[in-house]
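Step one of this worksheet: look at the structure below.
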Amino acid sequence: MKYISLFCFVLTGCATPDTRLPDIGADKRFAEQSKQVAAAFDEMHRLRTRLRRVAAPILRENAGLCRKTRPVAGILTKTVNDFSEALQDEAREGRGIDDEPTVVHVLGDSPANRAGIKVRDRLQTPEGDYLSSHGKDFEQRLAAGEEIVILRHGKRIDNVVISPEIHCDYRLKLKMTPKINAYATGKSIIVTSGMMNFTQSDEELAYIIGHELAHNTHGHIRKIVSNFVLSLFQTKYIRLFEAEADYVGLYYVARAGYTLDGIEEIWTRLARLSTKPIYKAGTHPTYPDRFVLIAATREEIKTKQATGQPLLPNPGNDNKSR
Ligand SMILES: [Zn+2]
Numbered sequence: 007m008k009y010i011s012l013f014c015f016v017l018t019g020c021a022t023p024d025t026r027l028p029d030i031g032a033d034k035r036f037a038e039q040s041k042q043v044a045a046a047f048d049e050m051h052r053l054r055t056r057l058r059r060v061a062a063p064i065l066r067e068n069a070g071l072c073r074k075t076r077p078v079a080g081i082l083t084k085t086v087n088d089f090s091e092a093l094q095d096e097a098r099e100g101r102g103i104d105d106e107p108t109v110v111h112v113l114g115d116s117p118a119n120r121a122g123i124k125v126r127d128r129l130q131t132p133e134g135d136y137l138s139s140h141g142k143d144f145e146q147r148l149a150a151g152e153e154i155v156i157l158r159h160g161k162r163i164d165n166v167v168i169s170p171e172i173h174c175d176y177r178l179k180l181k182m183t184p185k186i187n188a189y190a191t192g193k194s195i196i197v198t199s200g201m202m203n204f205t206q207s208d209e210e211l212a213y214i215i216g217h218e219l220a221h222n223t224h225g226h227i228r229k230i231v232s233n234f235v236l237s238l239f240q241t242k243y244i245r246l247f248e249a250e251a252d253y254v255g256l257y258y259v260a261r262a263g264y265t266l267d268g269i270e271e272i273w274t275r276l277a278r279l280s281t282k283p284i285y286k287a288g289t290h291p292t293y294p295d296r297f298v299l300i301a302a303t304r305e306e307i308k309t310k311q312a313t314g315q316p317l318l319p320n321p322g323n324d325n326k327s328r
């Protein structure tokens, strides 16, 4: 039955609809098309800005707990080819982004912002080579004290120095899809636009980012792969890692200065969309388990804050793998 519309079209190719639609005209369609592309571009920019803003303190304030760190200036550049085909005309004509890297975002509280970098700037080496924030050694060179040049509205600003901060070395990626999801790869943290729009506060989004960061810092991806090979009880192991990521992630969020009150409510709202995890644990704990664990972890953190103890997760019996 899935393909019935396709077959109907083939079998009744000569039939016509019974009704006559109003003439919409190509002009109106093109105008609406441009409007929708601009809206999609704006939405992507809004989400990217929020994701970077909420994640920055988490990646910065926990750098001391991350095995891998890197200098971060707070600049994001893009070329027109970084956008999907549908958005490329808008990028080029509407936003002034062409084949050379252009600054599309500057983190609010960041070294780049303090150095006066602005959206639409182009950055170059003193020798005239364009600089991309994706360039392998871009931030290392800034950290080494190398000067850069800003090109802005046809003017040139020389001898700009940016002193990057140290962040956990995990790349943050926004995936545009309505699916409510986030995941860690061991090298990156990926959050979908569906998840971003599902979170009702920056604190909830911070919890999602903290959870994925904990998967990366605790090597869960590597451990899951080896458990798949060694164990028949892989879902149970994954579940333990999921609970650990909730526990450790909440510490990361608290260390970044976010308040934790009410964060667990996200699981009550998710339960309204999908009822099976209310009772049944699979690779993840049940929603009620996660709700209660988060609330208990918050109380543990609050006690440590009140008594001036270091904000560090309590170590387990086997600490060798950390
Ligand atoms: Zn997880």
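Every number in the numbering used here is 6 more than the matching position in the sequence shown, counting from 1. Cβ atoms here follow ideal geometry from the backbone N, Cα and C, with glycine treated the same way.
| Item | Value |
| --- | --- |
| Would you say residue 318 and residue 253 are within 9 Å of each other, going by their C-beta atoms? | no |
| Between which two residues does the alpha helix (DSSP H) holding residue 60 run? | 32-67 |
| If we ignore side chains and look at the alpha-carbon of each, how far apart do residue 272 and residue 266 end up? | 12 Å |
| Just checking residue 247 against ligand 1 - is the residue's beta carbon closer than 8 Å to any of the ligand's heavy atoms? | yes |
| For residue 221, verify whether its CB is less than 8 Å away from any heavy atom of ligand 1. | yes |
| Considering just the uninterrupted stretch of the alpha helix (DSSP H) at residue 220, what are its terminal residues? | 208-223 |
| Identify, in the order they occur along the chain, each residue of the same chain with its Cβ nearer than 8 Å to the Cβ of residue 136, setting aside the five sequence neighbours on each side. | 106, 107, 128, 129 and 130 |
| Ligand 1 heavy atoms versus the CB of residue 210: any closer than 8 Å? | no |
| Based on DSSP bridge pairs, tell me the residues matched to residue 157. | 128 and 162 |
| When the Cβ atoms of the stretch 39-55 are set against those of the stretch 137-147, are three or more pairs found closer than 8 Å? | no |
| Alpha carbon to alpha carbon, what distance is there between residue 113 and residue 153? | 20 Å |
| Is it true that the CB of residue 46 sits closer than 9 Å to the CB of residue 93? | yes |
| Given a threshold of 16 other Cβ atoms within 10 Å of its Cβ, counted over all protein chains shown, does residue 323 qualify as buried or as exposed? | exposed |
| When the Cα of residue 79 is compared with those of 35, 173, 101 and 102, which residue comes out closest? | 173 |
| Looking at the unbroken alpha helix (DSSP H) that takes in residue 199, where does it start and where does it end? | 199-204 |
| Secondary structure at residue 189, three-state DSSP: helix, strand or coil? | strand |
| Please name the residue, chosen from 279, 294 and 278, that lies closest to residue 285 on a Cα-to-Cα basis. | 294 |
| Any heavy atom of ligand 1 inside 8 Å of the beta-carbon of residue 189? | yes |
| For residue 309, decide whether its Cβ has a neighbour in chain C, counting only Cβ atoms nearer than 9 Å. | Given the protein chain composition of this structure (a single chain), no chain C is represented. |
| Would residue 40 pass as a contact of residue 96 if the rule is Cβ separation under 9 Å? | yes |
| By the 10 Å Cβ neighbour count, where 16 or more other Cβ atoms means buried, how is residue 316 classified, buried or exposed? | exposed |
| Can you tell me whether residue 270 is helix, strand or coil according to DSSP? | coil |
| Compute the Euclidean distance between the alpha carbons of residue 73 and residue 125, then round it to the nearest angstrom. | 32 Å |
| Can you find the residues in the same chain that come closer than 8 Å, C-beta to C-beta, to residue 119, ignoring five residues on each side of it along the sequence? | 80, 112 and 113 |
| Write down every uninterrupted run of the alpha helix (DSSP H) in the stretch 60-114 whose length is 4 residues or greater and which is fully enclosed by it, in chain order. | 91-95 |
| Pull up the CB-CB distance for residue 261 and residue 67, whole angstroms please, since I reckon it's below 8 Å. | 5 Å |
| Can you say whether residue 24 is buried or exposed, counting buried as having 16 or more other CB atoms within 10 angstroms of its CB? | exposed |
| Cβ-heavy atom distance between residue 270 and ligand 1 below 8 Å? | no |
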